[in-house]
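Worksheet: the structure to be examined is printed underneath.
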Amino acid sequence: MKVSELTHPDDLMRDSELIIRFLQGGADAKYDNEKRYVRKDGGIRWVAVTARAVTDIEGRLLHTIGVVQDITERRETEKTILESHQRFRGTFENAAVGVAHVAPDGKWLQVNARLSELTGYERSELLTRTFQDITHPDDLDADMAHVQRLLAGEAESYSMEKRYFRKDGSVVLVNLTVSCMRTAEGAVDFFIAVVEDISERKQAEIELHESEARYRALTEASATVVWRTTADGEVIFSSNTWRDITGQTEAETRGWGWLQAIHPDDRDRTINLWLQPLKTKTIHENQFRVRTHDGTYRWFSVRGVPICNADGTVREWIGANTDFHDRKMAEEELRRLAAELSDADRRKDEFLATLAHELRNPLAPIRNGLQLMRLIDGSGEAGRQSLEIMDRQLTQMVRLVDDLMDVSRISTGKVELRKMPVQLADILNSAVETSRPLIEQMGHELQITLPEYPVIINADPTRMSQVFLNLLNNAAKFSDQGGCIRLTAEQHDTDVIVSVRDTGIGIAADQLPHIFEMFAQVDHSLEKSQGGLGIGLSLVKRLVAMHGGSVMAKSEGAGMGSEFIVRLPVDKNSPVEGAKTASQPEHDSIPPLRILIVDDNRDSADSLSMVLKLMGHDTRTAYDGEEAVAAAAEFFPRVILLDIGLPKLNGYETCRRIREQKDGMNMVIIAQTGWGQADDRQRTRDAGFDHHMVKPVDLNELQKLLAELQATK
Ligand code: ADP
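Here the sequence shown stands for residues 23 to 735, numbered as in this note's numbering.
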């Protein structure tokens, strides 16, 4: 068998070269080789083969002697050591931290890539330096002291934070851990240093610290009190502000101590309000009074929020108390002022109502007096003219007083509409008729355009006439002599639109939005002969609104005329025939009646009595309740006109007593009162009255009523 057959194929080439060189090498030739043999069983063994040549004197090769030694085990041990070494290098090199071997004198022996990276030195540069060379001078002594202890065998390792100077001069903060490898004798062979760059961690710590300091400074600088409590709501921190305000010490505020600074009346509520969110982990809100160090109390608003752990449990509460005392006081003052204002407004309304009522009382006797004078009529042309003037002025005065009364009633919500299906044309005609004297007096032309078919609206006819009367009167009043007034009504779907348009003085654009306000007047109105109180349009607006409609004013400006447009819903459900037509006053003469007139205003009673006498009735007067009861018993009137506000016995009681007397049930008792509301009417009805008339009694209306009585007799 040849050597080459035994040799592993991979080692064959090299082996052949060595053998050839050996065989040609003469007497001194050597053959030393380590190679593999392939055993008969296929196994592989490492062998060390040493061969020498044996030659003759001329140097010719006679034969060779060789020794073969099995070195398989040695080779395997070497391989294991190599692998372990490589693993160590890998760990050393790839470590995320700097690792180095350092000689006892401080010289870097081995450094890994990370250390070179964090110090900024090339590996070769580091290996020519000591750790002392790159250590910050301020940290050197401490480091050296540790090293001395290791060298002296007093410690096996140490850890410290220290600074290195990087190659570029910047400083890197590291955490250093050093342990040592010792020789068999115990002396330090070399140090193993592990170096971790903690600059970023340190920076984060610094920033956290700064942020904490800023937060504290903020809480102290702020006028708001900042506090912190445990999850159970016990105060563990409150900013200085709280102590400055209350004079409590830090210790006094802790736990629940802060409650002592809360107003006793607010404490229970505060505790309850605070305990609630502690359970529900919701935001806490409260307001309480805090006793300040000078003993006065100030209002604070409180808000607290829970800070939760990752698992949702509350870690702590953070909150703020803000002084809102001044705002609260201002708000309360504002509320008080508003209440005062609305009180004053209410008193004003009451005053207007009383004023209107009181102004109305003297108007009744004056009207009666005028009527009387007209009936007597012995004063010739001059007397007749002055009677007309007085009558016109009185009508105007009654209108003003009525407006005043209405507006105060509307603002106190006392107006009740008696709505019914009515023909719009009737309402407009009635307004036109009432307004006609003024229109004619001013020499205006009046053009009326109404729909050709009846339009029914659901309205209180008196009130709705009043609306258009106001608009027509204004058109007449605010136009120079000889103007033109156009009244038109048109149906648009479910609405009817009524327009009153004039060629008068117009309204400036800046005034337009205000003219419907109470007491609003464009100042030139004072120069007009027919003055007013500035409540007519306010009344119009409110009445139209109460009918579900709207009113607007238009004008191109001063001198350009004005247009007032009223929009009202049409009543589609009522048949045309059902609609009432506004009836005209009747003036039929009627047979005489026995009439008792009761009024504590003697002028009123006497003048009405005289007028009725002139009409042919038999009258009697009484000036208080008791007198009235007596007069009724003795005079047996058919009709009693009974005032409500009477001395001794009021009208209601008087009525009841009269009813109890003989024939009392047969008398027609008519209440005369300044109050004409539904509940007033109900009261008189309940007291036994047959009718209810609002003062000053309208003679036409009275005559109509008397005529009806005669008819039913
Ligand atoms: P009054 O007529 O009592 O002054 P109103 O409330 O009826 O009060 O009207 C308020 C004001 O609106 C009037 O004073 C007048 O300045 C203005 N105004 C009303 N109607 C007209 C109109 N047709 N043309 C011009 N100005 C008007």
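Don't be surprised by glycine CBs; every beta carbon is placed ideally from N, CA and C.
Would you decide whether residue i is buried or exposed? Buried here means 16 or more other CB atoms lie within 10 Å of its CB.
i, result
"residue 191", "exposed"
"residue 278", "exposed"
"residue 628", "buried"
"residue 459", "exposed"
"residue 452", "buried"
"residue 193", "exposed"
"residue 120", "buried"
"residue 373", "exposed"
"residue 160", "exposed"
"residue 495", "buried"
"residue 107", "exposed"
"residue 733", "exposed"
"residue 65", "exposed"
"residue 585", "buried"
"residue 138", "buried"
"residue 382", "buried"
"residue 270", "buried"
"residue 486", "buried"
"residue 230", "exposed"
"residue 248", "buried"
With which residues is residue i paired in a DSSP beta bridge?
i, result
"residue 576", "585"
"residue 140", "Partner(s): none; residue 140 has no beta bridge."
"residue 345", "322"
"residue 591", "517"
"residue 481", "442"
"residue 252", "338"
"residue 91", "70"
"residue 182", "198"
"residue 620", "644, 664"
"residue 55", "71"
"residue 79", "Residue 79 is not bridged to any residue."
"residue 313", "319"
Closer than 6 Å by C-beta to residue i: which residues in its own chain qualify, once you throw out the five before and the five after it? Chain order, please.
i, result
"residue 54", "72"
"residue 500", "526, 527"
"residue 574", "587"
"residue 630", "390, 619"
"residue 679", "651"
"residue 347", "320, 321"
"residue 350", "321"
"residue 326", "306, 339, 341"
"residue 564", "432"
"residue 344", "246, 323"
"residue 724", "none"
"residue 311", "285, 288, 319, 321"
Which residues in the same chain as residue i place their Cβ atom closer than 7 Å to its Cβ, once the five residues preceding and following it in sequence are excluded?
i, result
"residue 135", "115"
"residue 534", "575, 577"
"residue 328", "303, 336, 339"
"residue 503", "464, 465"
"residue 639", "614, 615, 617"
"residue 393", "633, 721"
Quick one: residues in its chain with C-beta nearer than 8 Å to the C-beta of residue i, no 5 flanking neighbours on either side, listed in chain order?
i, result
"residue 769", "With the chain running from 23 to 735 in the structure shown, residue 769 is simply not present."
"residue 477", "445, 446, 447, 511, 513, 518, 592"
"residue 727", "692, 713, 715"
"residue 242", "261, 262, 263"
"residue 582", "528"
"residue 731", "615, 660, 661, 690"
"residue 197", "181, 182, 183, 217, 218, 220"
Can a CB atom of chain C be found closer than 8 Å to the CB of residue i?
i, result
"residue 347", "In the structure shown, chain C does not exist; there is a single protein chain."
Handout entry: Cβ pair count under 8 Å reaching 3, the region 619-633 against the region 578-593
Key = no
Exercise for the section: Evaluate contact between the region 169-182 and the region 134-146, counting only Cβ atoms and requiring at least three cross-stretch pairs below 8 Å. Expected result: no
Practice task
Could you tell me whether the region 348-360 touches the region 390-405, using the rule of 3 or more Cβ pairs below 8 Å?
Solution key: no
Handout entry: Cβ contact check for the region 72-92 and the region 177-187: 3 or more pairs under 8 Å
Key = no
Problem - 3 or more residues per run - each beta strand (DSSP E) lying fully within the region 653-699 - result: 661-665, 690-695
Exercise for the section: Would you check if there are 3 or more beta carbon pairs closer than 8 Å linking the region 289-304 to the region 249-261? Expected result: yes
Exercise for the section: Would you check if the region 421-437 and the region 371-380 touch, i.e. whether three or more CB-CB distances between them fall below 8 Å? Expected result: yes
Problem - Stretch pair the region 652-659 + the region 416-423: three plus CB contacts closer than 8 Å - result: no
Handout entry: Inter-stretch contact (C-beta, 8 Å, three-pair minimum) for the region 152-168 and the region 126-135
Key = yes
Problem - Secondary structure, alpha helix (DSSP H): runs of 4+ residues fully inside the region 280-311 - result: 286-302
Handout entry: Contained alpha helix (DSSP H) runs [length at least 4] in the region 202-282, N- to C-terminal order
Key = 221-243, 262-268, 272-275
Problem - Segments of 4+ residues assigned as alpha helix (DSSP H) that fall wholly inside the region 699-726 - result: 700-708
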